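Residue numbers (the working numbering), protein chains in the order written: chain S, 1117 to 1417; chain L, 991 to 1307.
Okay, here's the thing in structure tokens:
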């Protein structure tokens, strides 16, 4: 039972990370009907930027742990969001009216470019987060010993999802995003500046993806320039699992996939861990291509 | 311009035939890799270029062909070239089984699923599935191919084997392109609903082309296993599939000449700039982005088929 709960909470932490990345995929897909292949790499940039800022600015030494991490999160969010906006400008905007294949190829090209730029800057070896900064404390909850970092990640990701959900549901720009996702042409006729909506989506998604990258760095203590593609694929699976284009769906899909993967790795086979997500992906596309909560993608398939 | 085309092709073929006379062993080896990639890209072109199905797991079929040959050769001592049809068959059958439930998916969904299939196959190979694939180390000491009692050993000899197979492939694929089957595929690519409305069984053609393209990739896998005498999972990573995808798109989907040229550029050019090897993929990424804006149809796009009198006659039947 103890083992099960450890795996379950671990799955929730990883699932929270998947969900944050999946939100970026699902928002972009909702508005542009484009799989942003470079999104996984923006996530990696978040992890690397976090590492650089953490070590070079020594934020946690100067400001204390709590404030330091909050400032770090905000800086990573801002920087990765700017990267996302540049990406949209350079790789996707010129192809807005092109056939889908062109945009997909451009997205792949952007992904390859970003990944290799990172490799040339930092080198091909894995980078290690300094472990003296991270809290190694464990929490004792009803006799269960959970690492503090895991609990923080679950809480932070859930918090961020709630904030995003409220933002999308309650604000004007959130409403505009939802409108543009349903019908771009009609949204434009209603006076919505679709270009601004797209820019917004490319700021929000990468910001969340960047935090997810930072979380992976803090949770595992080690980052690699190729990790974006594995996490990206899994997060995309999560987005499809929940119903692509559907924001609560991405959250549910992410958490569910994280738990399924953690339990599968623990009780079935650790060697096949990375194949679990892909099997889930194929099964969901065969059995229920609209995803668990999706409703309006049926005409696309 | 058009009158020079046969001349250019003749020159190209002649320089390939006589290449072993004036290139060193290393250069011939690079040429052999280009040949293998040309073969693979041509097989992917059937699926991606002719039928317009986004397949980004082509390395999986390549891997299955290579491993089939390797296993048959090392365990049962079957001469490697004899396994050629069998690895084609097994890769093709695998593709049919995998594609059957997902082939109706459109565009990027199919892309994602094929990426997934490619990864599952790679992970299966690493995990030594059925105790046959040798895990992460792969399978080694595959015997050299024998052709009519002659053992093929040197890169110069492989050069003729590989490029001979490429020539045969190009001949067959041109025939296929001009056939009823090829035209049905193009129709499917241009407008699936209209194709179905005209009585083309879209699911049948999609499956058939998946099987055929995969079978050809499987045979390329046999040649790869024979050339390297070792196969391991790292040769069949996701990036192989991306490379092949890129060759087809850069060359011009559906254009055989374009694909041969693109294979030379994508595989050959980096060898000329070895000192910048680290930046190779960076440049590829950039080229992919720029190409899609400047010239999305590829370097040498396929010209759309004019309705020739024979075609008209046949379509009236």
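For each residue, glycine too, the CB sits at the ideal point set by N, CA and C.
Every value quoted in this text rests on a predicted model; they were computed, and no experiment measured them.
At least one CB atom of chain S sits nearer than 9 angstroms to the CB of residue 1106 of chain L. Here residue 1400 of chain S is buried. Its C-beta has 16 or more other C-beta atoms within 10 Å. Counting along the chain, residue 1275 of chain S sits inside the alpha helix (DSSP H) bounded by residues 1264 to 1286. Closest by C-alpha distance to residue 1104 of chain L, out of L/1252, L/1291, L/1200, is L/1200. Listed along chain S is no residue with a C-beta nearer than 9 angstroms to that of residue 1181 of chain L; the closest approach is about 13 angstroms.
One thing to note: residue 1099 of chain L has its Cβ no nearer than 9 angstroms to the Cβ of residue 1233 of chain L. By the Cβ test, the segment 1129 to 1139 of chain S is not in contact with the segment 1288 to 1307 of chain S, since fewer than three Cβ pairs between them sit closer than 8 angstroms.
Exclusion of the five residues before and after residue 1392 of chain S leaves 1377, 1380 as the residues of its chain whose Cβ lies within less than 6 angstroms of its Cβ. Annotated three-state conformation of residue 1383 of chain S is helix, per DSSP. Under the three-state reduction of DSSP, residue 1182 of chain S is assigned to helix.
Taking 9 angstroms as the Cβ-Cβ cut-off, the segment 1150 to 1179 of chain S approaches chain L at 1150, 1151, given in chain order. Note that the C-beta distance between residue 1259 of chain L and residue 1232 of chain S is not below 9 angstroms. In the DSSP annotation of this structure, the continuous segment of the beta strand (DSSP E) that includes residue 1254 of chain S starts and ends at 1254 to 1257. Around residue 1352 of chain S, the same chain offers 1141 as residues with beta carbons nearer than 6 angstroms, after the five sequence neighbours per side are excluded. Nearest in C-alpha terms to residue 1163 of chain S, of all of S/1344, S/1279, S/1373, S/1283, is S/1344. Membership of residue 1126 of chain S in the alpha helix (DSSP H) is indicated by the continuous run 1118 to 1148. Residue pairing by DSSP places residue 1261 of chain S opposite S/1256 in a beta bridge. At a beta-carbon threshold of 9 angstroms, the residues of chain L lying near residue 1232 of chain S are 1268, 1269, 1270, 1271, 1272, 1273, 1274, 1275, ordered along the chain.
Between the alpha carbons of residue 1369 of chain S and residue 1355 of chain S lies a distance of about 6 angstroms. With respect to the 9 angstroms criterion, residue 1066 of chain L and residue 1221 of chain L are not classified as neighbours on the basis of their beta carbons.
Closer than 7 angstroms at the C-beta level to chain S, one finds these residues of the segment 1214 to 1240 of chain L: 1232, 1239.
Contacts with chain L at 9 angstroms (Cβ-Cβ) include residue 1405 of chain S.
Judged by DSSP secondary structure, residue 1142 of chain L falls outside any alpha helix (DSSP H); it is assigned neither H nor E.
Between the alpha carbons of residue 1286 of chain S and residue 1170 of chain S lies a distance of about 34 angstroms. For the C-beta of residue 1211 of chain S, the chain L residues within less than 7 angstroms are, from N- to C-terminus, 1282, 1283. Three or more beta-carbon pairs separated by less than 8 angstroms are not found between the segment 1173 to 1189 of chain S and the segment 1200 to 1220 of chain S, which leaves the two stretches without contact.
Each residue's CA atom was taken as its position, placing residue 1088 of chain L and residue 999 of chain L some 38 angstroms apart. Around residue 1352 of chain S, the beta-carbon contacts reaching into chain L at under 8 angstroms are 1102. Chain-order list of chain S residues neighbouring residue 1113 of chain L: 1388, 1390, 1391, by C-beta distance under 7 angstroms. Residues of chain S with a Cβ closer than 7 angstroms to the Cβ of residue 1261 of chain L do not exist; the shortest Cβ-Cβ separation is about 18 angstroms. Taking the Cα positions, residue 1145 of chain L is about 19 angstroms away from residue 1262 of chain L.
For residue 1205 of chain S, no CB of chain L lies under 9 angstroms from its own CB, so it is not counted at the interface with that chain.
Rounded to whole angstroms, the Cβ separation of residue 1064 of chain L and residue 1005 of chain L is 36 angstroms, and the two are not in contact under 8 angstroms.
Within the same chain, and ignoring the five residues on either side of residue 1205 of chain S in sequence, no residue has its Cβ closer than 8 angstroms to its Cβ. Secondary structure at residue 1129 of chain L: strand, using DSSP grouped into helix, strand and coil. DSSP, reduced to helix, strand and coil, places residue 1195 of chain S within a helical segment of the structure shown.
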